[in-house]
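A short write-up of the structure that comes next.
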Amino acid sequence: MNIVEDKELRRELILDNYQHPMNRGLVEDSSYLCCNTNNESCIDNIDMQLKVEEGIISDIRFDGEACAISTSATSILIKSLVGKRVEDARKILKNYKNMLDEEEYDSALLGELVVYSDIPMQANRIKCALLPYHAVCKMLNRLDEV
């Protein structure tokens, strides 16, 4: 049984990433791009940092207060993107957004992010799952401006 079909496994993965998120805590380093993102309709408010070295995302960090979906999505997105070339990260981000928008996507690119494949059935949670997506996209777009 795969992660999409196993609701208990999905729940455990989300809960584990909520309780023990990857790369929580910001660093003082001017080589990081920074972004704050929040949901106006709830408590979700996170600061994110992203570092790119030689076209590869070498680190992503975050801190703030957010619900289980936002926090776990941030953690899993970080795991999915760190170590990836920027162009590959953009493909993952596009497919993640497509999945949440119920459009065609390549689940093989998403890895653990597929745990959110049923989020569109809970429309009020889509913004939560997209919170880190928006922050990372903003920071990656800043790379294009340089």
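Straight run, no breaks: the sequence shown in our numbering ends on number 520. Heads up, the beta-carbon is just placed ideally off N, CA and C, and yes, glycines get one too.
Nonlocal neighbours in the same chain, by C-beta distance under 8 Å from residue i, ignoring five residues either side
| i | result |
| --- | --- |
| residue 499 | 443, 493 |
Same chain, Cβ closer than 7 Å to residue i, neighbours up to 5 away in sequence not counted
| i | result |
| --- | --- |
| residue 405 | 425 |
Whole-angstrom distance between residue j and residue i, CA atom to CA atom
| i | j | result |
| --- | --- | --- |
| residue 515 | residue 416 | 26 Å |
| residue 479 | residue 504 | 15 Å |
| residue 440 | residue 507 | 14 Å |
| residue 458 | residue 430 | 6 Å |
| residue 485 | residue 472 | 14 Å |
| residue 381 | residue 513 | 33 Å |
Own chain residues within Cβ distance below 6 Å of residue i, not counting five before or after
| i | result |
| --- | --- |
| residue 445 | 392, 395 |
CB of residue i within 8 Å of CB of residue j, strictly
| i | j | result |
| --- | --- | --- |
| residue 397 | residue 436 | yes |
| residue 474 | residue 510 | no |
| residue 438 | residue 421 | yes |
DSSP beta-bridge partners of residue i
| i | result |
| --- | --- |
| residue 445 | Per DSSP, none; premise fails for residue 445. |
| residue 419 | 412, 439 |
> What are the complete alpha helix (DSSP H) segments, minimum 4 residues, inside the segment 451–490?
Replying inline: 460–474, 481–484
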